[in-house]
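Heads up, the thing below is written out as structure tokens.
So, in structure tokens, the structure goes:
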């Protein structure tokens with residue numbers, strides 16, 4: 001009996017293996033295809049008060065960052081919390097065989113695709129209805145609101161009772177659930193803490209589709225985990241937010257500095273005393289002559305004379321922005337308090353600009369600039385923002401390198417820099433901040449507007465951001481990103497440091513299949529495509 005040559009056997013084996021491999025891959029492909037082809041039909045079969053959209057989904061593949069576009073399979077427009085719970089529970093019960101994930105989208109103000117879900121389901125939170133907003137006055141006033149409610153609407157409704165939330169973001173046209181999933185920081189944070197420090201209670205839909213009411217005393221682990229949790233443990237569908245008596249008027253002040261150290265000392269002193277301003281922020285003016293060329297705040301636009309009162313002469317300047325809240329009958333007292341506070345500061349005396357506006361005009365100032373930029377087609381451009389928390393002990397080193405060497409050209413967008421007190425932050429929440437008692441928020445809020453020189457282009461800004469981050473790492477500044485973005489889980493572990501274990505445990509407890517907020521790129525959904 002003659003046997004085939006070894007070479008022929010080897011060749012036949014290779015062909016056999018290839019054939020089996022192709023068959024295997026074909027089966028897996030068929031399984032994946034069947035899985036995706038069944039997605040719309042399974043969702044269509046769900047009984048919801050609102051509705052799904054399977055065709056017009058392109059708007060859910062964009063966000064304010066305008067850099068990433070991931071198309072979902074469907075967009076849910078919920079009318080009730082039950083719609084959200086039913087949808088998530090359905091996807092949860094499909095198990096790891098399905099690639100479906102879920103992202104809650106509020107006003108779409110995320111920067112890196114965090115509110116998107118590639119081939120998943122995006123929940124349009126602004127469609128969420130339910131109990132109307134309810135303001136509860138009294139000794140400890142609060143407001144109950146939907147997670148999809150805009151902060152600007154809360155302001156207008158609570159003011160009817162002479163009340164307002166304690167802590168804000170600089171831009172009010174954002175949803176409650178969106179800001180509470182991050183932190184919510186602005187010039188009031190030094191005194192009241194971020195928005196997540198001013199919440200009494202939450203209603204949350206977990207990654208298992210369970211509707212859970214939580215607070216500091218009830219389901220506290222979930223409560224603290226969701227606050228600043230980047231959407232990883234549940235979708236905020238309702239929140240109880242602390243209120244305080246609201247003022248009517250605001251004294252709005254700006255002063256300038258040429259020396260960063262003096263600028264920083266004044267800021268740190270102001271946030272450390274009991275009687276101070278109600279709002280304290282700073283920003284950097286890099287090689288810019290027009291002080292009003294700053295979309296973040298429209299400072300007394302009715303007075304064009306102010307624009308020519310001071311010229312930067314190409315220098316990097318530091319602007320301290322202050323506000324004092326008051327009622328009309330308190331004008332004299334407030335003016336005296338402001339005068340006393342300003343007398344303790346070391347700013348350039350000729351640069352004192354003052355304005356008086358209503359409380360609403362002050363808080364909603366960014367929206368005025370937004371409308372102007374939209375009219376010029378300059379709002380929906382890429383926004384490669386970079387937000388950092390920097391320890392007080394390292395802020396001078398940071399400023400010297402970044403403002404002295406890295407950023408020397410005109411910055412196309414505001415650069416914020418102001419200190420906050422760690423004591424006003426709850427370390428049980430998921431937000432990660434530096435260890436020092438005082439740390440700074442530094443926010444590079446740039447817009448990639450095309451220009452002939454290319455200095456404002458997207459790649460140029462991204463390169464600058466990379467240089468800033470590399471400096472922070474090599475100089476061991478102890479910096480933490482706010483609104484963080486990383487591509488690999490190892491980077492996220494470094495970001496969370498010793499708190500990673502708690503974060504991962506909460507993920508396993510409340511969203512074990514990693515259905516929620518896939519755009520954060522923290523956890524990968526485990527997908528099984530064959531039995």
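Residue numbers (UniProt numbering): 1 to 531.
No residue lacks a Cβ here, since even glycine has one placed at the ideal position from N, Cα and C.
Nothing here was measured: the structure is a model prediction, and the numbers come from that model.
Going by DSSP in three states, residue i sits in which element: helix, strand or coil?
i	result
residue 537	Within the shown structure, residues of the chain are numbered from 1 to 531, placing residue 537 beyond reach of any answer.
residue 517	coil
residue 467	helix
residue 130	coil
residue 244	strand
residue 77	strand
residue 164	strand
residue 401	helix
residue 215	strand
residue 146	strand
residue 190	helix
residue 300	Low local confidence applies: a pLDDT of 46 at residue 300 is under 50, so the model's placement there is unreliable, with the coordinate-based value given in what follows. Note: residue 300 maps to coil in three-state DSSP.
residue 173	coil
residue 417	strand
residue 235	strand
residue 480	strand
residue 43	helix
residue 182	coil
residue 52	strand
residue 574	The chain is shown from 1 up to 531; residue 574 falls before or after that span and cannot be answered.
residue 489	helix
Determine the direct distance from the alpha carbon of residue j to that of residue i, and round the result to whole angstroms.
i	j	result
residue 522	residue 474	24 Å
residue 321	residue 254	5 Å
residue 25	residue 448	Note that residue 25 scores 36 on pLDDT, short of 50, meaning its location in the model is unreliable; the coordinates nonetheless yield the value given after this. About 43 Å.
residue 404	residue 394	15 Å
residue 291	residue 457	Unreliable positioning characterises residue 291 in this predicted model, as indicated by a pLDDT of 38, which lies under 50. The coordinate reading is nonetheless provided below. Each residue's Cα considered, the two are about 22 Å apart.
residue 197	residue 508	25 Å
residue 384	residue 146	29 Å
residue 472	residue 433	15 Å
residue 396	residue 477	11 Å
residue 461	residue 87	39 Å
residue 110	residue 148	15 Å
residue 520	residue 336	48 Å
residue 430	residue 231	10 Å
residue 279	residue 243	17 Å
residue 365	residue 93	46 Å
residue 64	residue 332	43 Å
residue 218	residue 446	41 Å
residue 216	residue 203	13 Å
residue 373	residue 380	9 Å
residue 137	residue 237	22 Å
residue 411	residue 352	23 Å
residue 268	residue 505	37 Å
residue 164	residue 144	13 Å
residue 339	residue 277	11 Å
residue 66	residue 371	18 Å
residue 399	residue 260	8 Å
So if DSSP puts residue i in a beta bridge, which residue, or which two residues, is it bridged to?
i	result
residue 195	Bridge partners of residue 195: none, in fact.
residue 103	122
residue 319	256 and 283
residue 208	For residue 208, which the question treats as bridged, DSSP gives no partner whatsoever.
residue 390	440
residue 249	326 and 358
residue 135	143
residue 202	214 and 239
residue 58	The partner list for residue 58 (beta bridge, DSSP) is empty, contrary to what the question assumes.
residue 353	254
Just mark residue i as buried or exposed, buried being the case when its beta carbon has 16 or more other beta carbons within 10 Å.
i	result
residue 193	buried
residue 283	buried
residue 47	exposed
residue 376	exposed
residue 224	buried
residue 22	Per-residue confidence for residue 22 stands at a pLDDT of 39, beneath the threshold of 50, marking its modelled position as unreliable; the derived number appears in the next sentence. Exposed, since its Cβ has fewer than 16 Cβ neighbours within 10 Å.
residue 387	buried
Given a cut-off of 7 Å, decide if residue j and residue i are closer than it, judged by their beta-carbon atoms.
i	j	result
residue 106	residue 177	yes
residue 102	residue 513	no
residue 116	residue 61	yes
residue 85	residue 209	yes
residue 415	residue 389	no
residue 247	residue 359	yes
residue 262	residue 355	no
residue 436	residue 392	yes
residue 402	residue 252	no
residue 57	residue 40	no
residue 113	residue 68	yes
When you measure from the CB of residue i to every non-hydrogen atom of the ligand ADP, does any distance come out below 6 Å?
i	result
residue 509	No copy of the ligand ADP occurs in the structure displayed, which carries no ligand at all.
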